[in-house]
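Enquirer:
Number of protein chains: 2
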Amino acid sequence: MTDTSAAGPLAGITVVDMTRVLAGPYCTMVLSDLGARVIKVEVPEVGDDARHIGPFINGKSAYFMSLNRGKESIALNLKDDEDRKIFEALVDRADVLVENFRAGTMEKLGYDWETVHARWPRLIYAAASGFGQTGPYKTRAAYDMVVQGMGGIMSVTGHPGGPPTRVGTSVGDITAGLFTTIGVNAALYQRAETGKGAYIDVSMLDCQIAILENAIARYYATGEAPGPLGARHPSITPFEAFETSDGHVIVAAGNDNLFRKLADVIGKPELVDDPRFSTNDLRNDNQPALKGILDTAFASDTTEAWLANLEGAGVPAGPMNNVEQALHDPQVVHRNMVVSVDDADAGRLHMAGNPIKMAGVADPDTRGDVPDLDGHRQALLKELGLT
Amino acid sequence: MTDTSAAGPLAGITVVDMTRVLAGPYCTMVLSDLGARVIKVEVPEVGDDARHIGPFINGKSAYFMSLNRGKESIALNLKDDEDRKIFEALVDRADVLVENFRAGTMEKLGYDWETVHARWPRLIYAAASGFGQTGPYKTRAAYDMVVQGMGGIMSVTGHPGGPPTRVGTSVGDITAGLFTTIGVNAALYQRAETGKGAYIDVSMLDCQIAILENAIARYYATGEAPGPLGARHPSITPFEAFETSDGHVIVAAGNDNLFRKLADVIGKPELVDDPRFSTNDLRNDNQPALKGILDTAFASDTTEAWLANLEGAGVPAGPMNNVEQALHDPQVVHRNMVVSVDDADAGRLHMAGNPIKMAGVADPDTRGDVPDLDGHRQALLKELGLT
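Protein chains in written order, with the working numbering: chain A, 1 to 387; chain B, 1001 to 1387.
Below, the structure written as C-alpha cells:
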C-alpha cells in the first residue's frame, strides 16, 4: 500500500457532496482538509446558493470560495435520466455521500438512505438538516439564526436586559458541520473494521442543545433558565473582560492558584484571604464586589502593560482582538491558520486554514482552486468512462 | 467478528483520557457517545478541576457530571513509579490517548509523543491545548474566554458601540473538543487502513479562527475588520430578530423566493418589486430601511401568531427560546436530546444527549454513571492483572 499519509488521514476517500450554503459545505471542507477528494454535485445554472451570497470580489463570492476551495464541481439535474446515470456512476466510486436538504428531498429523488444503502451497502450517507430526519419539525427549513434562537444560545448571549444578540458567526451551521464530520469519520473507521456503510442524521437544532454545556446544568440545578451575562463566565470568577485605560483585557483566573497570582499582579494580595473571595464558588457569588475592585485596578494602566504583567505571572489573559488583529496575531500566523488560494478572477484570496494539525501530514499555506460551477464536468465524465 | 454496531461505531475502542475541565472532556464525551470506552486518569485527591466548578447538586458538580457520564476514573500520580506502571499498562491496551495539558507537560512526565509513539506505535495521541504545541504562545495557558477574545469572535458578537460580549457558552473549548474528535476519528480510520498511530495537535485559538467563517471573507474583501451586528446576519437580509407585540420572532429569509413568501405573509407583496429590495445584495445594503418596514409589521401581532403564519408559508422562522423552553421543545424532546443519569448522590440529573444519530445505533435516554474520583481503581487493576 502506498503511504499517502502526508496527504492526510482521509487520502483515497471520495466524497459526493450534495450540500450547499454552510453546514454541509463546512463538513466537506474539513473532510477535504483531511485529505479526502470532494466532488460537489450542484444544481445546473444556479449552483450552491452560497455562490450568490456576498461579500463578492470581482463578482465571485468570497464566502463561497472560502468554504469550497479544493473541491470539484459538476452540475447535475437529478430529475434527468442522463444526469442520474452520471450521478450514480459517481456514487459507484464514492465512499461518502453528504447532503443537507430538508428531510424528504432525497426520497423524492429516489436517493433516500434505504434505496441507496441497498444498492451501495458500503456507502456512508450523512444527512445534515435544520431539524433532523424525524420529529414534528422534520420537513421545516432552518437557517443558522432560526436554530440559534430556538436552541437557547441567544438567551445566554448578550447583556442582562439588553436586546437579542446573535453569536457573530454561524455556530448553528458550523457545529452541525463539525458533528456531521465526526459521524462520517467514525463511520469510516467502522466500515474499515466491518465493511458496512452507515447512515448519519445530524440536526442543527440538536447540535445547539449539545453545545449549551453548563447552561443546561445551571437550569437543572436551580430550576431557573439562565440569562445572558455580558462578558463573563457563569460559574468561574474572575473570568471576564475588564476595561483598561485604553481598551479591554480578558482575564481568566480559573482556579484558586491563578486567583492568588492575579491578586499579586494587581498589588492586592490580601484579596486571597478576603472571606468573600477565598474560593471560586464564593468569588462567583460575590462577583459584583470583586469586579468593582478589579475594574479600579485595571483602569490604572494600558492593555499592553497589563498583558505583560499577567503573562509574566502566568495568569491566563488576552486582548480583545478584532478580526484583523486576530488574523495577524503571531501565534495564528505561526500555526498557518490563514491560507490562500490564487483565483483566476478574484486574485489571491485568504481564508481560514485547518486547525487539525497532524504529525507527518502536510499543512500547505495554499489550498486547491475554487471550482467554477460545473467546472469539472469533462474531466469527471472522462474519468467515469462516460464520454 | 461480533456485530457491536448497536453500541456505536467506536465500540471496542479504548480511550485513556488525561483531560480536565472542558475541551478534552467534551472530546472524550463525544467519543463515549459513539461507543468508545473512556478511562479518565485523574490527579489524586483533586481530580478533574471541573469537579470543583458549580453548579453543585448535593455537593456534586452538575457541570462535571454532564461532561463525564459513562466514563471510568482512576487517580494516578504520574511521578510515582507504581502509578506509572499502572498508567503504562492502561496505555498498553488503549487505542487513543487524549490530553489537554499545556505544551511541555507530557514531555516532563516522559510521555511526549515521540517517546510514546516509539513504544506504542499504533496509539493515536491527541493533544488539545490553548495555543497548540508550537509557536510563540505554546507554553501559555488559556481558558475559553481568553481565546474567545483573542480569536476575534467577541469582536463580531454584541451590538455596535456596546460593551464586550462573550458567546454565552464556551465555544472556545467546545469547538476545540469537536475538532480534536474529528482528528481522532480520522486517525482511527487511517490506522485501520495502515496500522499506524497518529499525533493530533489542536489549539483552541486555531479553532476560533476556523469558525470565524464569513467574518474573514468580509475582512479580506473590504480591508476593514467587521464589527458586531446585534441580532442580524452580516450578508443575508432579512435574517434577524424582530420585536412582536409580546416578544421576538426570528426570520431567516435566505433567498429571493423566501423573501417573496415573507412579503406575502406580512401583506406587503409590493416589497419584492421595490428597487431597494429586489435581491439579497440590495436588501443587505438597505437593511435599515427594510428593518423599519418589517418592525412595523411584526409589532402588530404576537410571536405565536407570526410563527404560525410564517411556518404556514414556508418561511424559516422561530422563537427566541430560553434554555428551559429549548430543552422542552417538542422537536428537541423527540430527538432525545435531553438524557439522564441517576446519580447516587445527586439524584436524577438531566444533560444534553448525542446529536450524531446513526441508523442501527442505540440512542438510549440514559447514560452511564458519573465516576467518583478513583472509583474504578480496583476493577481496572484487576482487569490489568495488577492486583
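Ideal Cβ positions, reconstructed from N, Cα and C, are used throughout, including at glycine.
(1) Find the residues of chain B that neighbour M154 of chain A, judging by a C-beta separation of less than 7 Å, and give them in chain order.
(2) Over the uninterrupted beta strand (DSSP E) stretch that includes A1128 of chain B, give me the two end residues.
(3) For D343 of chain A, report the span of its beta strand (DSSP E) as first-last.
(4) V171 of chain A lies in the alpha helix (DSSP H); which residues open and close that run?
(5) Mind checking the segment 352 to 366 of chain A against chain B and listing, in chain order, the residues whose C-beta falls within less than 7 Å of any C-beta there?
(6) Closer than 7 Å by beta-carbon distance: list the chain B residues that pair up with A326 of chain A, in chain order.
(7) Under 8 Å: do the segment 1229 to 1240 of chain B and the segment 1279 to 1290 of chain B share three or more Cβ pairs, one atom per stretch?
(8) If the cut-off is 9 Å on Cβ atoms, which residues from the segment 168 to 190 of chain A count as contacting chain B, listed in chain order?
(9) Considering only the beta carbon of each residue, do D365 of chain A and V339 of chain A sit closer than 8 Å?
(10) State yes or no: is the C-beta of E99 of chain A within less than 8 Å of the C-beta of M18 of chain A?
(11) In whole angstroms, what separates the C-alpha of L90 of chain A from that of A1289 of chain B?
(12) Assuming V249 of chain A contacts I1250 of chain B under a Cβ cut-off of 8 Å, what Cβ separation, rounded to an integer in Å, is found between them?
(13) If you draw a straight line from the alpha carbon of T180 of chain A to that of F1179 of chain B, how long is it in whole angstroms?
(14) Kindly say whether A231 of chain A, judged by its beta-carbon, lies nearer than 8 Å to any beta-carbon of chain B.
(15) Counting along the chain, where does the beta strand (DSSP E) carrying S1073 of chain B start and finish?
(16) Touching or not, the segment 1191 to 1205 of chain B and the segment 199 to 216 of chain A, by the rule of three or more beta carbon pairs under 8 Å?
(17) Pick out whichever of A:L78, A:T134 and A:F131 has its Cα sitting closest to the Cα of K108 of chain A.
(18) Hey, out of B:A1263, B:R1069, B:R1377 and B:T1014, whose CA is closest to L1349 of chain B's CA?
(19) Alpha carbon to alpha carbon, how far is P1269 of chain B from G130 of chain A?
(20) Measuring CA to CA, which of B:G1158, B:V1041 and B:T1028 is closest to H1376 of chain B?
(21) Can you find a CB in chain B that lies within less than 8 Å of the CB of F101 of chain A?
(22) Alpha carbons only, please: which of B:L1010, B:I1053 and B:G1035 is nearest the one belonging to R1020 of chain B?
(23) My guess is that A141 of chain A and P1355 of chain B are in contact by the Cβ rule of under 8 Å, so how many angstroms apart are they, rounded?
(24) Indicate the three-state DSSP secondary structure (helix, strand or coil) for M1018 of chain B in the structure shown.
(25) To the nearest angstrom, how far is the alpha carbon of N322 of chain A from that of S1155 of chain B?
(26) List, in chain order, every chain B residue whose beta-carbon is nearer than 9 Å to that of W113 of chain A.
(27) Find out if the Cβ-Cβ distance for the pair G451 of chain A, A128 of chain A is shorter than 8 Å.
(28) In the DSSP output, what is K268 of chain A paired with across the bridge?
(29) Taking DSSP as the reference, what is the three-state secondary structure of A241 of chain A?
(30) Would you please state the rounded distance, in angstroms, between the beta carbons of Q1331 of chain B and Y189 of chain A? I believe it to be under 8 Å.
(31) Please tell me whether I135 of chain A and R1335 of chain B are closer than 8 Å, where the distance is taken between their beta carbons.
(32) How big is the Cα-Cα spacing for A36 of chain A and D372 of chain A?
(33) Could you please give the first and the last residue of the uninterrupted alpha helix (DSSP H) stretch that includes H1052 of chain B?
(34) Anything in chain A within Cβ reach of V1054 of chain B, meaning under 7 Å, just list it in chain order.
(35) Leaving out five residues before and five after N1286 of chain B in sequence, what residues of the same chain have Cβ atoms less than 6 Å from its Cβ?
(36) When the distance is taken between beta carbons, is P1316 of chain B closer than 8 Å to Y143 of chain A?
Expert: In brief:
(1) M1320
(2) It spans I1124 to S1129 - the beta strand (DSSP E) in which A1128 of chain B sits, taken as one unbroken run.
(3) V338 to D343
(4) V171 to T194
(5) Answer in chain order: A352, P355, I356, K357, M358 and A359.
(6) Simply M1150, G1151, G1152 and I1209.
(7) yes
(8) Answer set for the segment 168 to 190 of chain A: G168, T169, S170, V171, D173, I174, T175, A176, L178, F179, T180, T181, I182, G183, V184, N185, A186, A187, L188, Y189 and Q190.
(9) yes
(10) yes
(11) 47 Å
(12) At roughly 33 Å, the Cβ-Cβ gap does not stay under 8 Å, so V249 of chain A and I1250 of chain B are not in contact.
(13) Cα-Cα distance, rounded: 11 Å.
(14) yes
(15) E1072 to A1075
(16) By the Cβ test, the segment 1191 to 1205 of chain B is not in contact with the segment 199 to 216 of chain A, since fewer than three Cβ pairs between them sit closer than 8 Å.
(17) Of the residues A:L78, A:T134 and A:F131, the one whose Cα lies closest to the Cα of K108 of chain A is A:L78.
(18) B:R1069
(19) 27 Å
(20) B:V1041
(21) no
(22) B:I1053
(23) Incorrect: roughly 19 Å between the Cβ atoms, too far for contact.
(24) strand
(25) 5 Å
(26) A1359
(27) Outside the modelled stretch of chain A, which goes from 1 to 387, sits residue 451 of chain A, for which no answer is possible.
(28) Note: K268 of chain A sits in no beta bridge, so no partner.
(29) strand
(30) Not a contact, Cβ separation roughly 30 Å.
(31) Just to set this straight, residue 135 of chain A is Gly in the shown sequence, not Ile. Yes, the pair counts as a contact, with Cβ atoms nearer than the cut-off.
(32) 19 Å
(33) No alpha helix (DSSP H) contains H1052 of chain B, which DSSP labels as neither H nor E.
(34) For the record, residue 1054 of chain B in the displayed sequence is Gly; it is not Val. The contacting residues are S235, D281 and N284.
(35) R1276
(36) yes
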